[in-house]
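Each residue of the sequence shown is one higher than the one before, counting from 5 in this note's numbering. The C-beta atom is built at its ideal place from N, Cα and C for all residues, glycine as well. Nothing here was measured: the structure is a model prediction, and the numbers come from that model. Encoded as structure tokens, the structure appears first; notes follow it.
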Amino acid sequence: MRAIKEECLWLREWKNAEELKSAFEAWVEDYNKNYLHSTLGYK
5 MRAIKEECLW LREWKNAEEL KSAFEAWVED YNKNYLHSTL GYK
């Protein structure tokens, strides 16, 4: 949860819920594709 707060949610003020939802979905996709995950052996 810390990563999403620091890298997406706290960076700006959102105009509306749809804008936040869109940014959140893009962040999750990027996070799942490009970040190393300890539970996967950092792969």
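DSSP-derived helix/strand/coil call for residue i
i	result
Glu17	coil
Tyr35	helix
6 Å Cβ shell around residue i - same chain, five flanking residues per side excluded
i	result
Leu24	Trp18
Leu13	none
Residues of its chain near residue i, where Cβ-Cβ distance is below 8 Å and the 5 sequence neighbours each way are ignored
i	result
Asn38	none
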